[in-house]
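First comes the structure, then the notes that go with it.
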Amino acid sequence: MSLRAEHLRRLLDAGPDARLVLQEGRYEVTDGETAGALSVVTRAGLLDRLGGERPDEGRLEEQAAMLETEISNLGA
37 MSLRAEHLRR LLDAGPDARL VLQEGRYEVT DGETAGALSV VTRAGLLDRL
87 GGERPDEGRL EEQAAMLETE ISNLGA
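Residues are numbered in my numbering as their position in the sequence shown, beginning at 1, plus a constant of 36.
Structure, rendered in structure tokens:
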């Protein structure tokens, strides 16, 4: 499954301790550690990457592509 803007939008809409993880080929938003999952980005980390503002869809697509490249470089 590809990382898309909608995954990041769900993360931004979640609570302050939320994180996006990759588990068994699916991206999920969670509030805690998930055994066996790769942590992709925290909500706070995503806000830092975005400059602390609520982005439009284009900006989220851009961030999704960059994060997916980072994950691919890890071999996940």
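Just so you know, even glycine gets a beta-carbon here, dropped at the ideal spot from N, CA and C. Only a predicted model underlies this, so the values are computations on that prediction, with no experimental measurement involved.
TODO: Taking alanine 80 as the reference, give the member of Glu64, Glu104, Val65, Ala54 with the closest Cα.
DONE: Comparing Cα-Cα distances from alanine 80 to each of Glu64, Glu104, Val65, Ala54, the minimum goes to Ala54.
- [ ] Determine, using beta carbons only, whether alanine 50 and glutamate 97 come nearer to each other than 8 Å.
- [x] In this structure, glutamate 97 does not lie closer than 8 Å to alanine 50 by Cβ.
Open item on the list: Would methionine 102 and arginine 62 qualify as a contact pair, given that the criterion is a beta-carbon distance under 8 Å?
Closed with: The answer is no: Cβ separation not under 8 Å.
- [ ] Please work out which residues of its chain come closer than 6 Å, Cβ to Cβ, to arginine 46, disregarding the five sequence neighbours upstream and downstream, and give them in chain order.
- [x] Once the five neighbours on either side are set aside, the close Cβ partners of arginine 46 are Val65.
Open item on the list: My parser needs the beta strand (DSSP E) runs of 3 or more residues fully inside the segment 68-95; what are they?
Closed with: Runs found: 74-78.
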